[in-house]
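Below is one structure, written out as structure tokens; comments come after it.
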Amino acid sequence: FINDKIVGIHVGGHLPFEIDITNHVLFDDENRLTVAVNNTLTSETIPPGEFRYVQKQRDGRKQYSDGFFKQTWNFDFFNYAGILRPVYITRKPFTYIEDISIKAGANGSFAYKVYTVSGTQLATIKVTVMDKDGTVIFKSDQYHYIGCIENIKPWWPRDMGAPVLYNFMVQLSISDVLIDVYRLWFGFRTISLSKNQTFINGKPFYCHGFGMHEDFELHGRGYNPVVLTKDLNMLEWMNGNCYRTSHYPYSEEMAYEADRREIIRELIERDRNHPSTIMWSLANEPVSSDPAARLYFSELINWTRALDPSRPVTAVLAQSFDVDQVADLLDLICINRYFGWYIDHGYLETVNHSWIFEMNNWKLRYNKPIIVSEYGAEALPGFNQEPSRAFSEQYQRELLEQTHHAFDILQKNHIITGEMIWNLADFMTADGVTRAVGNHKGVLTRTRQPKMAAYILKKRYKNLEKEMEYLK
Numbered sequence: 001f002i003n004d005k006i007v008g009i010h011v012g013g014h015l016p017f018e019i020d021i022t023n024h025v026l027f028d029d030e031n032r033l034t035v036a037v038n039n040t041l042t043s044e045t046i047p048p049g050e051f052r053y054v055q056k057q058r059d060g061r062k063q064y065s066d067g068f069f070k071q072t073w074n075f076d077f078f079n080y081a082g083i084l085r086p087v088y089i090t091r092k093p094f095t096y097i098e099d100i101s102i103k104a105g106a107n108g109s110f111a112y113k114v115y116t117v118s119g120t121q122l123a124t125i126k127v128t129v130m131d132k133d134g135t136v137i138f139k140s141d142q143y144h145y146i147g148c149i150e151n152i153k154p155w156w157p158r159d160m161g162a163p164v165l166y167n168f169m170v171q172l173s174i175s176d177v178l179i180d181v182y183r184l185w186f187g188f189r190t191i192s193l194s195k196n197q198t199f200i201n202g203k204p205f206y207c208h209g210f211g212m213h214e215d216f217e218l219h220g221r222g223y224n225p226v227v228l229t230k231d232l233n234m235l236e237w238m239n240g241n242c243y244r245t246s247h248y249p250y251s252e253e254m255a256y257e258a259d260r261r262e263i264i265r266e267l268i269e270r271d272r273n274h275p276s277t278i279m280w281s282l283a284n285e286p287v288s289s290d291p292a293a294r295l296y297f298s299e300l301i302n303w304t305r306a307l308d309p310s311r312p313v314t315a316v317l318a319q320s321f322d323v324d325q326v327a328d329l330l331d332l333i334c335i336n337r338y339f340g341w342y343i344d345h346g347y348l349e350t351v352n353h354s355w356i357f358e359m360n361n362w363k364l365r366y367n368k369p370i371i372v373s374e375y376g377a378e379a380l381p382g383f384n385q386e387p388s389r390a391f392s393e394q395y396q397r398e399l400l401e402q403t404h405h406a407f408d409i410l411q412k413n414h415i416i417t418g419e420m421i422w423n424l425a426d427f428m429t430a431d432g433v434t435r436a437v438g439n440h441k442g443v444l445t446r447t448r449q450p451k452m453a454a455y456i457l458k459k460r461y462k463n464l465e466k467e468m469e470y471l472k
């Protein structure tokens with residue numbers, strides 16, 4: 001709203017959008033900007049939910065007061081409201097740079113396209129690519145280019161090399177007067193797959209990291225640079241090299257930090273130029289056993305590949321390998337399983353065999369690279385039981401130890417190409433009898449302090465890091 005008059009509507013609060021308010025503001029006077037947000041979920045929203053008014057009578061009398069409603073959803077994170085991302089008021093010239101698309105491979109292949117919004121005058125552009133020291137390695141005056149830049153240094157993830165970034169700068173001029181500038185850091189990087197492995201710049205890459213949530217007790221999912229920095233610092237402290245942006249688009253600031261810190265992350269328009277984004281994940285635990293899922297995902301996968309053919313497409317699956325209708329359409333399969341927690345709860349002796357049985361069957365049926373995208377157990381911070389009991393830090397630690405023994409066998413036999421525990425830190429969920437003030441599967445507390453499990457992962461990921469050093 002501008003001065004109490006509606007000027008635009010947008011569905012979704014995670015990705016950037018803009019609204020032109022030029023014709024609605026009062027110049028040389030005060031203006032009131034109002035943003036109204038609504039977190040009501042229905043069957044047509046993403047994510048979906050159910051909203052209903054409850055009108056129930058017993059013996060002719062109302063059980064609930066007028067206007068009582070229930071909002072429910074089938075996902076395990078809190079449905080925050082509020083403004084999640086930074087808000088800016090910007091002033092643009094009539095002709096300006098709207099977007100840039102860059103494709104840069106580890107062999108020096110280089111292509112770009114500059115998109116502009118034109119006013120009444122023709123504009124010229126100047127494209128410059130510089131290294132971190134400001135040395136110019138490429139110049140052009142074309143809106144699009146396909147070719148090669150020699151003697152570049154590729155971008156590498158953690159454990160494999162340096163995260164070399166280059167500065168792409170576009171200068172837009174009219175009649176030799178500079179009117180707009182767009183700067184973007186990018187890297188030369190190539191992602192490829194075999195039937196068994198993931199490769200970064202032609203070298204085998206084993207993903208060892210975390211599923212995450214943008215969640216903190218003082219501000220929910222709202223952007224906070226201090227918490228963002230703490231999360232990535234703790235990820236690095238535990239020697240992780242990747243994270244999964246579950247289950248919504250993360251902040252753009254997080255993507256830039258991932259580039260700089262050599263961290264791999266899994267989202268198209270906004271994040272396509274980030275070398276740390278290595279694949280697109282289209283769903284989390286869909287009902288992929290439904291025959292209708294095949295047509296739906298076939299169209300979605302084809303659409304994603306058309307937008308960005310340079311990255312693999314995956315989805316995080318939770319149905320059984322013998323009923324899934326989607327896995328063969330994907331480039332890489334991600335699997336969520338909770339052996340010893342939701343499956344055979346309390347029977348840690350079954351964990352090792354269950355993992356090997358399950359993953360071998362996925363491999364035999366689909367013969368695709370596989371990443372374990374979720375596993376784990378809940379541990380209430382400071383709750384200790386010996387012998388271990390569910391929800392104790394000891395049980396979480398022992399479940400990880402059993403799981404990792406299976407992962408070692410699966411990795412050695414080229415069954416899996418990565419593992420990501422669920423979750424980096426405890427996070428808030430809806431109230432329920434199975435949730436004691438949120439989900440406690442984090443290896444860190446909600447205030448980002450380590451549980452026992454964090455030290456298990458720190459040691460394991462360090463050993464995996466050494467293995468990757470050997471493969472370089």
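Residue numbers (UniProt numbering): 1 to 472. The beta carbon of each residue, even a glycine, is placed where N, CA and C say it ideally should be. Just so it is clear, the structure is predicted and the values come from calculations on it, not from any experiment.
Given this structure, state the Cα-to-Cα distance separating residue i from residue j, to the nearest angstrom.
i    : j    : result
R183 : Y296 : 37 Å
R311 : W280 : 7 Å
F357 : I371 : 15 Å
E266 : I421 : Any answer about E266 is weak, because its pLDDT of 49 lies below 50 and its placement is not dependable; what the coordinates show is given next. Each residue's Cα considered, the two are about 15 Å apart.
N3   : L172 : 34 Å
D308 : R272 : 8 Å
N241 : R261 : 9 Å
R446 : G108 : 43 Å
N74  : F94  : 45 Å
N196 : G442 : 29 Å
G13  : E378 : 29 Å
I19  : V7   : 8 Å
I409 : I335 : 17 Å
V181 : L122 : 16 Å
T42  : N201 : 43 Å
Is residue i buried or exposed, if buried means 16 or more other CB atoms sit within 10 Å of its CB?
i    : result
A258 : buried
S118 : exposed
R52  : exposed
V54  : exposed
S392 : buried
R158 : buried
G438 : buried
A292 : exposed
May I ask you to check if the CB of residue i is nearer than 7 Å to at least one heavy atom of the ligand FAD?
i    : result
N361 : With respect to the ligand FAD, the structure offers nothing, as it holds no ligand at all.
Where do the N-terminal and C-terminal ends of the beta strand (DSSP E) with residue i fall, by residue?
i           : result
F27         : Looking at the DSSP string, F27 is not in any beta strand (DSSP E), and its letter there is neither H nor E.
K113        : 109-117
A315        : 313-317
Q171        : 166-174
L41         : Unbroken run through L41: none, as it is neither H nor E.
D180        : 177-186
H14         : It is not in any beta strand (DSSP E) - H14 carries neither H nor E in the DSSP assignment.
F199        : 198-200
residue 476 : The structure shown does not extend to residue 476, since the chain is modelled only from 1 to 472, so the question has no answer here.
residue 481 : A question about residue 481 goes unanswered here, because the residues of the chain that appear run from 1 up to 472.
Can you look up residue i in the DSSP assignment and give me helix, strand or coil?
i    : result
Y223 : coil
T304 : helix
E266 : The pLDDT assigned to E266 is 49, lower than 50, so where the model puts this residue is not dependable; a value taken from the coordinates is nonetheless given after this. E266 falls in the coil class under three-state DSSP.
R85  : coil
K92  : coil
V35  : coil
R58  : strand
R294 : helix
W155 : strand
D331 : coil
N233 : helix
K441 : coil
Y338 : coil
Y243 : strand
M452 : helix
M160 : coil
E467 : helix
E299 : helix
Residue range of the alpha helix (DSSP H) that residue i falls in?
i    : result
N360 : 351-366
D408 : 393-412
M254 : 252-260
Shorter than 8 Å from the beta carbon of residue i to some beta carbon of chain D?
i    : result
M130 : The chain inventory of the structure shown lacks chain D, comprising one protein chain alone.
### Task
Mind the definition here: the stretch 185-204 touches the stretch 221-234 only if three or more C-beta pairs lie below 8 Å; say whether that holds.
The stretch 185-204 vs the stretch 221-234: no contact.
### Task
Kindly confirm or deny that the stretch 159-167 and the stretch 125-132 touch, where touching means at least three C-beta pairs closer than 8 Å.
yes
### Message
Is it the case that the stretch 351-365 contacts the stretch 317-330, given that we only count it when at least three CB pairs across the two stretches are under 8 Å?
### Response
Touching, per the Cβ criterion.
### Query
Do the stretch 203-210 and the stretch 409-418 meet, that is, are 3 or more Cβ pairs less than 8 Å apart?
yes
### Message
Quick check: the stretch 339-347 against the stretch 281-296, are at least 3 beta-carbon pairs closer than 8 Å?
### Response
By the Cβ rule, the stretch 281-296 does not count as touching the stretch 339-347, because fewer than three pairs are nearer than 8 Å.
### Task
Determine contact between the stretch 243-251 and the stretch 459-466, defined as no fewer than three beta-carbon pairs at a distance below 8 Å.
no
### Query
Does the stretch 210-221 come within contact of the stretch 69-83, defined as at least 3 CB pairs closer than 8 Å?
Yes, since at least three Cβ pairs between the stretch 210-221 and the stretch 69-83 fall closer than 8 Å, the two stretches touch.
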